[in-house]
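Numbering (mature numbering (1 follows the signal peptide of the UniProt record, and there is no 0)), first residue to last: -20 to -1, 1 to 304.
Heads up, the beta-carbon is just placed ideally off N, CA and C, and yes, glycines get one too.
Bear in mind the structure is a predicted one, so any value in this text is a computation, not a measurement.
Shown next, in structure tokens, is the structure this report addresses.
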């Protein structure tokens, strides 16, 4: 009887620790260009507001990928330390991003209902899939897990989808960084720093039944992939970042056209915009797209990862409009 009681107590403790907590988030609006506050565009993108997110809760930070829920009204992000972060967007009538509300934070669970820990918690990519699922890519213990969105996400147990053996050898800190659901339901994965014999970045198109077909991404400059999102017309937006001692940090937003997303393809992206000083920039790791009421116009949200160093880096959420 003691053994049963101890097991029950452990399950109850895990369930209690897994519940979503409202989290205090302060938001400060920041301009695209502090030296030119009237500037409202960069490259092919129209600026529609940016927020600097801060919290007294030291669990907050390390946000590594971004997806849209509820038709673009709510965001979901995953963190390097194995947490979900969700919040509702607050925008003006003309679509300018001005705040967040109903923010919640909760640990991601393993298949036994326990919060992820150690090398198993490093969530790097997330995408909304068919059937009410969220697919999450992890580094270090390289895998993709499927979480059920139809119930309480904070209590959702994962189902293994792909594991380390499916991908072959991957770098600890440069693997399943960018993941998106394509218009036809397949998944596109691009690694941050796993290369083929031609020095192109490795990736895969994943079809039904978790069948992987290799693809590659041609590297241009020193930029490295950090996230992907799919547009309503089937094209894919690629987010990349680079850092150099001389030029500092910069991020690039590029387009991969739908017609090139074929098995064994060598993908080549087309630049839409570069975020670099004097424009607003930080450690960009998340990107997500949502349709707008205006035909042919898509909202694109970019999120940065502060690496749990709030004094040195910022968690930013930036909104742009892109005309297809």
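CB of residue i within 7 Å of CB of residue j, strictly
i, j, result
"residue 106", "residue 47", "yes"
"residue 134", "residue 67", "no"
"residue 110", "residue 163", "no"
"residue 249", "residue 297", "no"
"residue 203", "residue 182", "no"
"residue 36", "residue 91", "no"
"residue 254", "residue 224", "no"
"residue 175", "residue 152", "no"
"residue 42", "residue 101", "no"
"residue 190", "residue 127", "no"
"residue 88", "residue 80", "no"
Residue i - containing alpha helix (DSSP H), residue span
i, result
"residue 145", "144 to 147"
Sheet register partners of residue i (DSSP bridge)
i, result
"residue 283", "266, 297"
"residue 3", "Residue 3 pairs with nothing; no bridge assigned."
"residue 43", "59"
"residue 220", "205, 232"
"residue 13", "259"
"residue 158", "170"
"residue 251", "234"
Endpoints, beta strand (DSSP E) assigned at residue i
i, result
"residue 28", "25 to 34"
"residue 85", "77 to 87"
"residue 167", "167 to 175"
"residue 118", "113 to 118"
"residue 124", "123 to 128"
"residue 195", "191 to 197"
"residue 106", "103 to 109"
"residue 185", "181 to 187"
Residues near residue i by beta carbon distance below 7 Å, same chain, minus five either side
i, result
"residue 82", "67, 68"
"residue 259", "12, 13, 22"
"residue 284", "262, 263, 264, 265, 294, 295, 296"
"residue 78", "9, 29, 70, 71, 72"
"residue 130", "112"
"residue 292", "none"
"residue -7", "Note that residue -7 scores a pLDDT of 42, beneath 50, so its modelled location is shaky and nothing firm can be said."
"residue 154", "171, 172, 173, 174"
"residue 4", "35, 36, 37"
"residue 24", "252, 253, 302"
"residue 27", "12, 20, 21, 300"
8 Å CB neighbourhood of residue i in its chain, flanking five on each side removed
i, result
"residue 180", "196, 197, 198, 199, 246"
"residue -13", "Low confidence applies here, because residue -13 scores a pLDDT of 31, under 50, leaving its location unreliable; read the following figure in that light. Result list for residue -13: empty, nothing under 8 Å."
Nearest-angstrom beta carbon gap, residue j and residue i [assumed within contact, 8 Å]
i, j, result
"residue 34", "residue 6", "5 Å"
"residue 278", "residue 268", "Not quite, the Cβ-Cβ distance comes to about 10 Å (not below 8 Å), so this is no contact."
"residue 167", "residue 159", "6 Å"
"residue 2", "residue 84", "6 Å"
"residue 161", "residue 244", "At roughly 20 Å, the Cβ-Cβ gap does not stay under 8 Å, so residue 161 and residue 244 are not in contact."
"residue 187", "residue 103", "23 Å between Cβ atoms; not a contact."
Chain-order list of residues whose beta-carbon lies under 6 Å from that of residue i (same chain, five-residue window excluded)
i, result
"residue -11", "With a pLDDT of 38 at residue -11, under the threshold of 50, the predicted position of this residue should be treated as unreliable, though the coordinate-derived value follows. Cβ within range, chain order: n/a, list empty."
"residue -19", "Because residue -19 carries a pLDDT of 33, less than 50, the predicted location of this residue cannot be relied on, and the following value inherits that uncertainty. So no residue of the chain qualifies."
"residue 19", "12, 13"
"residue 288", "41, 42"
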